[in-house]
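J.: Right, I'll just put the structure down here and ask away after.
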Amino acid sequence: MDIPDEKKNEFKQMKDRINNYDDSAKERIIAICDELSPDRPKPLYSEPASSKYLPSARTSARASSSNGSIPASRGVNRKDLLRGVDSKFGERLLDEILDNTGVRLVDVSGCDTAKRALEEAVILPALNPSLFQGLRQPVKGILLFGPPGNGKTMLAKAVAHESEQVFLNISASSLTSKWVGESEKTIRALFQVAKNAQPSIIFIDEIDSLLTARKDNETEVSRRMKTEFMVQLDGASSSTEDRILIIGATNRPYELDDAILRRFPKRILIDLPDERARAELLHKTLAKHKMLDGLTDYDIRWIARSTDFYSNADLVALCKEAAMVPIRDMDRNKIAKTDGRKIRNLRVSDFKEALSSVKPSCNPKLMEELISFADRAGQK
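For the sequence shown, the positions run 52 to 431 when the numbering used here is used.
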C-alpha cells in the first residue's frame, strides 16, 4: 500500500507505538506467568532492558521549550495548552511540565502493586479503549502513600519518561497564593491545561500539605481552595470523554480530608523494600557507579539482610557512606595526586562500617500508622 508522503511520518510514529505496546504486552504476560508460578526460577537482579509496564518513550519525540518539555509527536504546542486559560496562571503552570528525566519504572525497585495500577490506568486503555468502558473505565485518581524516600516521586518521574502524556508536576507552592481568589483560579487553570493536553497526568507531591481534613478554625482561603480542587476533580473524574489522571503522593494519608480520599479510589501503600528489592537496589546502585568488582552476590545478600527497615533513600545513603571508607583509609597527603582508578575496590567490611553510622530513617510508629491506614482504606 502506497502511503502519501505527508502521512509517512505519522504512520511511522504509529507503527513504533504499536511495536512498543506489543513488547510491553509480551513482557507483562511473562510477569503474570511469574506471579502464577512462584516456583519458577527467577534471577536475583532484574535487567533494566525495558519496562514491563510502560512502552519506552522516544526521546526524539519530545521537544523542549524554555518553560518545559512538551511531547511534540502529538502536535501539542503552548498555544493549544493555554486555550481557555488565563495566561497569568497558565504560563506559570507550563513551567511545571516535567522535563525528560530518564527514569524508567524498571529503575524503581519493588512497588509492583503501584506499577500494575499505573499500567491499568495509563497503558491498557491506550491499547484498546473500547474494552475500558462502563465498569472497566480506568480510575481517574491514584493516591500513593508510604514512608519518605521510598519511590513515590520516582514512580511519577518514570511515568513521565515512559508514557507519551503531558505530565504536570505540581507542588503546594504552585497552587497557593497570598492573594484572595488566586489559588482557586490557579486550580481551574491547572485542570483546563490538563484537559487541553489530554491524555495527561497531574502529579501532586505532598498532597497532604494542601488538602488536610477541614476544621472549624480553618481560614476561608484554605476552605475555598479545597472546595475548588474537589469541584475540578469531580469534573475530571465524572467525564467519560476526558483522559486526565491525577496522582497524589503523601507520607500522611490519614490526615487527608475524607472527601479528598473518596476522589482517589486507588490508594496504594508504597511499602519499605523487602530483602529481594533491597538486594536489587544495592546491585543497581553499585553497578551504575562501577563499584561492584570487590563484592560477591553473597556480600550483596548479606547487606540486604542487614538493612531491614531501610528505605530506598537510606540504601543509597548507605552506598555513599561505604564508598567513602576507601578514601578515609588513604593517606591525606596522597589524595590530591591519586587517580580514581587506583582506589581499592569496595569490601563488605566497608558496608559493615557504614551500617554503624547510616541508620534507617523510617519511624516505626509512622509505619504502624501507614499499615493501619492501608488495612482500613487502601491496598498493599
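Beta carbons are placed, not taken as given, at the ideal position from N, Cα and C, and that holds for glycine.
What residues are listed by DSSP as bridge partners for phenylalanine 218?
T.: DSSP lists Ile252 as partners of phenylalanine 218.
J.: Using the three-state DSSP reduction, which class does lysine 317 fall into: helix, strand or coil?
T.: It is a strand residue.
J.: With C-beta atoms as the reference, is leucine 333 less than 8 Å away from alanine 355?
T.: For leucine 333 and alanine 355, yes; Cβs fall inside 8 Å.
J.: What residues in its chain sit with their C-beta under 7 Å from that of alanine 223, if we drop five residues either side in the sequence?
T.: Same-chain partners within the cutoff: Glu257, Ser260 and Leu261.
J.: Would DSSP call glutamine 283 helix, strand or coil?
T.: Glutamine 283: helix per DSSP, three-state reduction.
J.: So, with DSSP's three-state summary, where would you put lysine 277?
T.: Here lysine 277 sits in helix by DSSP.
J.: Using a 10 Å radius around the Cβ and a threshold of 16 neighbouring Cβ atoms, would you call lysine 277 buried or exposed?
T.: Buried, since its Cβ has 16 or more Cβ neighbours within 10 Å.
J.: Does DSSP classify glutamine 184 as helix, strand or coil?
T.: In this structure, glutamine 184 counts as coil in the three-state DSSP scheme.
J.: What are the partner residues of threonine 301, as DSSP defines its beta bridges?
T.: In the DSSP output, where bridge partners are listed per residue, threonine 301 has Phe196.
J.: Within the continuous alpha helix (DSSP H) that includes glutamate 326, where are the two ends?
T.: 326 to 339 is the extent of the alpha helix (DSSP H) around glutamate 326.
J.: Would you identify the three-state DSSP class for isoleucine 394, choosing helix, strand or coil?
T.: Correct three-state label for isoleucine 394: coil.
J.: Just verifying my parser: in three-state terms, what is the DSSP assignment at leucine 417?
T.: Residue state, collapsed to three classes: helix.
J.: What does a CB cutoff of less than 7 Å around arginine 275 pick up in its chain, not counting 5 residues either side in sequence?
T.: Correct list, in chain order: Glu235.
J.: So what does DSSP say about threonine 347, is it helix, strand or coil?
T.: Note: threonine 347 maps to coil in three-state DSSP.
J.: Kindly confirm or deny that the stretch 186 to 204 and the stretch 291 to 306 touch, where touching means at least three C-beta pairs closer than 8 Å.
T.: Cβ pair count under 8 Å is three or more, so yes.
J.: Would a C-beta distance cut-off of 8 Å place isoleucine 221 and glutamate 306 closer than the cut-off?
T.: No; because the gap between Cβ atoms is not below 8 Å, this pair is not in contact.
J.: Measuring alpha carbon to alpha carbon, tell me which of Met418, Lys339, Ile297 and Tyr361 ends up nearest alanine 207.
T.: Answer by Cα proximity: Ile297.
J.: In angstroms, rounded to a whole number, what distance separates the CA positions of phenylalanine 424 and valine 136?
T.: Straight-line Cα distance between these residues: approximately 38 Å.
J.: Please report the straight-line C-alpha distance between glycine 153 and threonine 336, rounded to a whole angstrom.
T.: Each residue's Cα considered, the two are about 15 Å apart.
J.: Taking the alpha carbon of cysteine 370 as the point to measure from, which residue in Glu271, His340, Gln249 and Phe360 has its own alpha carbon closest?
T.: For cysteine 370, the nearest C-alpha among the options comes from His340.
J.: Helix, strand or coil, according to DSSP, for serine 111 in the structure here?
T.: Only weak support exists for where serine 111 lies, its pLDDT of 35 falling under 50; the value from the coordinates is given anyway. Correct three-state label for serine 111: helix.
J.: Rounded to whole angstroms, what is the Cα-Cα separation between serine 107 and proline 415?
T.: Legend: pLDDT at serine 107 = 40, less than 50; position of this residue unreliable, no value from coordinates given.
J.: Assuming contact is defined by CB atoms lying nearer than 8 Å, are leucine 175 and glutamate 213 in contact in what I supplied?
T.: Going by C-beta atoms, leucine 175 is not nearer than 8 Å to glutamate 213.
J.: So what's threonine 358 in DSSP terms, helix, strand or just coil?
T.: Here threonine 358 sits in coil by DSSP.
J.: Please check the pair leucine 219 and serine 251, which I expect to be a contact at CB under 8 Å, by giving their CB distance rounded to whole angstroms.
T.: 7 Å between Cβ atoms; contact.
J.: Taking the alpha carbon of methionine 375 as the reference point, which residue from Asp401, Asp350, Glu142 and Gly345 has its own alpha carbon closest?
T.: Ranking the options by Cα distance to methionine 375, first place goes to Asp401.
J.: Assign glutamate 98 to one of three DSSP states: helix, strand, or coil.
T.: At glutamate 98 the pLDDT is 46, less than 50, meaning the model places this residue with poor confidence; the figure from the coordinates comes in the next sentence. Looking at glutamate 98 - three-state DSSP - the assignment turns out to be coil, as it is neither helix nor strand.
J.: Roughly how far, in whole angstroms, is the beta-carbon of isoleucine 295 from the beta-carbon of isoleucine 253, given that I think they are within contact range, below 8 Å?
T.: At roughly 7 Å, the Cβ-Cβ gap stays under 8 Å, so isoleucine 295 and isoleucine 253 are in contact.
J.: Quick check: what's the CA-CA separation for valine 190 versus serine 288?
T.: Between valine 190 and serine 288, the C-alpha separation is close to 8 Å.
J.: Nearest CA to the CA of proline 377: which residue from Phe360, Gly429, Arg392 and Gln243?
T.: It is Arg392.
J.: Buried or exposed, going by whether 16 or more other CB atoms sit within 10 Å of the CB of threonine 270?
T.: That one is exposed.
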